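Chains as they are written, first to last, in the numbering used here: chain R, 16 to 113; chain V, 20 to 507.
Note that CB positions come from ideal geometry on N, CA and C, so glycine has one too.
Fair warning: this is a prediction, and the values are worked out from it, not measured in the lab.
Some notes on the structure that comes next.
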């Protein structure tokens with residue numbers, strides 16, 4: 016496969032990534048991401064038939080009993096929020112329904 | 020006094036030759052004297068540090084036993100949480116973040132008696148190889164201030180090189196401890212994946228990130244690793260394997276140890292000065308009674324694309340949490356703006372160009388239609404690369420190679436071409452992909468002026484930092500590169 020990238024592709028990815036890019040950023044990334052992806056295409060040449068994927072190098076099991084342990088107090092958890100509602104123990108956000 | 024090693028400082032405090040408070044004041048003075056030219060520290064916590072130091076002095080006065088790092092001033096990369104101390108990851112999006120908890124490594128350092136003096140500058144969210152991606156400006160190399168200290172843990176490397184502190188923490192996702200250690204002429208250790216807890220490290224690529232120490236000697240790296248390592252219930256990927264006393268592993272004897280050299284992999288694209296220093300290091304091992312053996316890593320040539328496909332995918336997921344809701348910057352909104360508009364504007368204002376580039380790349384390779392061709396494929400080649408190392412470690416006990424193919428480059432030299440910057444990570448990234456431990460140690464300088472440090476790395480089997488450090492220590496005992504001081 017050969018990677019071509021249009022500014023519309025970049026806009027689509029930016030929407031998926033929740034990034035509001037400027038026009039200049041879109042143009043720059045269209046060029047730079049195409050360069051990087053063209054370089055990365057060399058992995059296609061490797062024969063990986065039947066090779067399992069490595070998501071993680073850890074071999075050991077990571078299961079543990081599901082027991083509650085102490086965690087952050089609500090007041091501490093909301094203390095860094097840009098718009099906290101500490102009395103309710105909540106984060107305030109702009110309206111969700113467009 | 021001038022700082023030498025953490026071990027010497029701890030002994031001087033334990034014997035009463037000096038106090039932890041005096042050592043701490045020395046460190047703060049040195050930071051003050053160098054930071055305007057190096058920009059190694061994002062913030063210094065003088066008052067907190069002096070309180071901690073005086074606590075160590077009171078402990079000693081009361082006759083209580085002192086921890087293995089008692090009174091040792093330590094700098095912590097600014098992507099690790101210290102409770103109550105501003106932690107920014109050198110990003111505008113976290114400019115005012117005050118963590119409500121300590122990273123496990125911070126807890127372990129402090130319970131060993133170490134005194135945290137400040138948070139060091141780094142590439143934004145540890146994404147970079149030159150420290151030029153920091154929202155607070157680049158760190159400068161203490162050996163030549165027009166050069167990069169390397170990245171992403173450039174501030175920690177520069178702080179140890181400039182003798183502000185004998186010990187600093189960094190994080191290494193694709194070389195971010197080893198490469199700046201090499202560029203600044205200090206020791207930088209990336210432990211085996213899972214050896215050290217990542218709890219409280221601001222995540223970049225979770226299957227690759229690992230925390231480790233910068234020091235001036237291999238002995239101090241062993242001392243620090245012993246204090247940092249071990250299972251942590253807060254990080255399910257941390258290993259339950261027993262942690263040996265790594266200091267005890269430094270026997271000075273490597274007779275019969277098989278040192279693997281991947282000659283084909285290091286044949287091309289290596290600067291002459293780096294090649295000369297690396298070849299000379301092989302003679303040192305031969306003279307010490309080790310056996311040099313050739314090893315082959317046929318898939319290592321794919322390490323850069325595999326690494327950048329995987330780390331950006333993981334980064335795009337990890338950095339989704341910075342959304343202007345729970346912490347950090349939030350863009351100004353009008354009453355007409357939706358939640359999604361707030362997210363998108365906040366992230367555009369808060370993230371710098373390299374972080375955006377990586378989020379975009381990672382989102383692309385995880386998106387429908389490209390997942391199999393890029394992300395899954397990269398994970399499969401990662402498996403082949405791991406097998407290469409497994410085979411190589413049947414013939415060798417450690418593997419050595421240069422840390423960086425080039426000496427420290429000029430600030431601004433590579434900023435216009437991200438791909439060129441990525442290519443310089445060729446010798447470090449495969450170690451993270453395979454989860455192996457690696458330590459970079461100084462092995463020489465470039466010829467002519469300015470003298471710029473060169474390093475090489477010793478790579479060990481998973482969870483065999485002991486053999487790796489034993490080999491590195493013998494090299495250090497035999498050579499004098501580590502004794503030099505930068506002009507700063």
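For residue i: DSSP bridge partner residues
i	result
residue 279 of chain V	V:312, V:418
residue 429 of chain V	V:166
residue 63 of chain V	V:137
residue 479 of chain V	V:417
residue 110 of chain V	Per DSSP, none; premise fails for residue 110 of chain V.
residue 232 of chain V	V:188
residue 289 of chain V	Its beta-bridge partners do not exist; DSSP assigns none.
residue 106 of chain R	R:99
residue 209 of chain V	V:457
residue 220 of chain V	V:99
residue 8 of chain V	With chain V covering only 20 through 507, there is no way to say anything about residue 8 of chain V.
residue 94 of chain V	V:137, V:187
residue 104 of chain V	V:101
residue 150 of chain V	For residue 150 of chain V, which the question treats as bridged, DSSP gives no partner whatsoever.
residue 160 of chain V	V:163
Short Cβ contact (8 Å threshold) for residue i with residue j
i	j	result
residue 28 of chain V	residue 185 of chain V	yes
residue 296 of chain V	residue 473 of chain V	yes
residue 109 of chain V	residue 140 of chain V	yes
residue 47 of chain V	residue 68 of chain V	yes
residue 176 of chain V	residue 210 of chain V	no
residue 452 of chain V	residue 322 of chain V	yes
residue 398 of chain V	residue 329 of chain V	yes
residue 47 of chain R	residue 437 of chain V	yes
residue 379 of chain V	residue 220 of chain V	no
residue 11 of chain V	residue 158 of chain V	Because chain V in this structure spans residues 20 to 507, residue 11 of chain V falls outside the shown range and cannot be described.
residue 403 of chain V	residue 162 of chain V	no
residue 204 of chain V	residue 195 of chain V	no
residue 134 of chain V	residue 174 of chain V	no
residue 31 of chain R	residue 359 of chain V	no
residue 269 of chain V	residue 492 of chain V	yes
residue 96 of chain V	residue 119 of chain V	no
residue 43 of chain V	residue 136 of chain V	yes
residue 33 of chain R	residue 366 of chain V	yes
residue 226 of chain V	residue 71 of chain R	yes
residue 262 of chain V	residue 234 of chain V	no
residue 63 of chain R	residue 111 of chain V	no
Beta carbon proximity, residue i to chain B, threshold 8 Å
i	result
residue 101 of chain R	The question asks about chain B, but that chain is absent: this structure's protein chains are R and V.
Mind the definition here: the segment 355-362 of chain V touches the segment 100-107 of chain R only if three or more C-beta pairs lie below 8 Å; say whether that holds.
no
Count Cβ pairs between the segment 417-430 of chain V and the segment 377-390 of chain V that sit closer than 8 Å; are there 3 or more?
Because the criterion of three Cβ pairs below 8 Å is not met, the segment 417-430 of chain V and the segment 377-390 of chain V do not touch.
Going along the segment 386-407 of chain V in order, which residues come within less than 8 Å of chain R, judged by CB to CB distance?
386, 392, 393, 395, 396, 397, 398, 399, 400, 401, 402, 403, 405
For the segment 16-55 of chain R, which segments carrying the alpha helix (DSSP H) assignment without a break, of at least 4 residues, lie completely within its bounds, in sequence order?
22-31, 38-55
For the segment 478-485 of chain V against the segment 205-219 of chain V, are there 3 or more C-beta pairs whose distance is under 8 Å?
yes
Could you pull out every unbroken beta strand (DSSP E) segment of at least 3 residues lying fully inside the segment 319-394 of chain V, listed in chain order?
none
Taking beta-carbon pairs under 7 Å, can you tell me which members of the segment 361-381 of chain V lie near chain R?
361, 362, 363, 364, 366, 367, 375, 376, 378, 379, 380
The segment 484-501 of chain V touching the segment 310-318 of chain V, judged by at least three CB pairs closer than 8 Å
no
For the structure I just gave you, are there three or more beta carbon pairs, one from the segment 370-377 of chain V and one from the segment 332-349 of chain V, closer than 8 Å?
Between the segment 370-377 of chain V and the segment 332-349 of chain V, the count of C-beta pairs closer than 8 Å reaches three or more; the two stretches touch.
Counting pairs of Cβ atoms below 8 Å between the segment 49-61 of chain R and the segment 227-246 of chain V, do you hit three or more?
These segments do not touch.
When you compare the segment 45-65 of chain V with the segment 139-156 of chain V, are there three or more beta-carbon pairs, one atom per stretch, that lie closer than 8 Å?
The answer is yes - the segment 139-156 of chain V touches the segment 45-65 of chain V, with three or more Cβ pairs under 8 Å.
Kindly confirm or deny that the segment 246-253 of chain V and the segment 273-286 of chain V touch, where touching means at least three C-beta pairs closer than 8 Å.
no
Residues of the segment 428-445 of chain V with a CB closer than 7 Å to any CB of chain R: list them in chain order, please.
437, 438
For the segment 433-490 of chain V, list the alpha helix (DSSP H) runs that are entirely contained and at least 4 residues long, ordered along the chain.
437-442, 448-453
Listed in chain order, which residues of the segment 34-46 of chain R have Cβ atoms closer than 9 Å to some Cβ of chain V?
34, 35, 36, 37, 40, 43, 44
Can we say the segment 341-352 of chain V touches the segment 362-370 of chain V, given the rule of at least three CB pairs closer than 8 Å?
yes
Residues within the segment 250-267 of chain V neighbouring chain R, beta-carbon criterion of under 8 Å
252, 255, 256, 258, 259
Which residues of the segment 339-351 of chain V have a Cβ closer than 8 Å to any Cβ of chain R? Give them in chain order.
339, 342, 343, 344, 345, 346, 347, 348, 349
Check distances from the C-beta atoms of the segment 80-94 of chain V to those of chain R and list, in chain order, the residues that come in under 7 Å.
none
Quick one: which unbroken alpha helix (DSSP H) runs of 4-plus residues sit fully inside the segment 30-65 of chain V? Chain order, please.
Within the segment 30-65 of chain V, the complete alpha helix (DSSP H) runs of at least 4 residues are 39-57.
Assess contact between the segment 163-173 of chain V and the segment 65-80 of chain V, defined as three or more Cβ pairs (one per stretch) separated by less than 8 Å. Is contact present?
no
Output needed in chain order: residues of the segment 20-33 of chain R with a Cβ under 9 Å from some Cβ in chain V.
20, 24, 25, 27, 28, 29, 30, 31, 32, 33
Along the segment 204-228 of chain V, what residues have a CB closer than 8 Å to any CB found in chain R?
Only those residues of the segment 204-228 of chain V whose C-beta falls short of 8 Å from the nearest C-beta of chain R are listed: 212, 213, 226.
Quick one: which residues of the segment 51-73 of chain R get their C-beta closer than 7 Å to a C-beta of chain V? List them in chain order.
Against chain V - using a Cβ distance shorter than 7 Å - the residues of the segment 51-73 of chain R are 51, 54, 55, 57, 58, 59, 61, 63, 66, 67, 68, 69, 70, 71, 72, 73.
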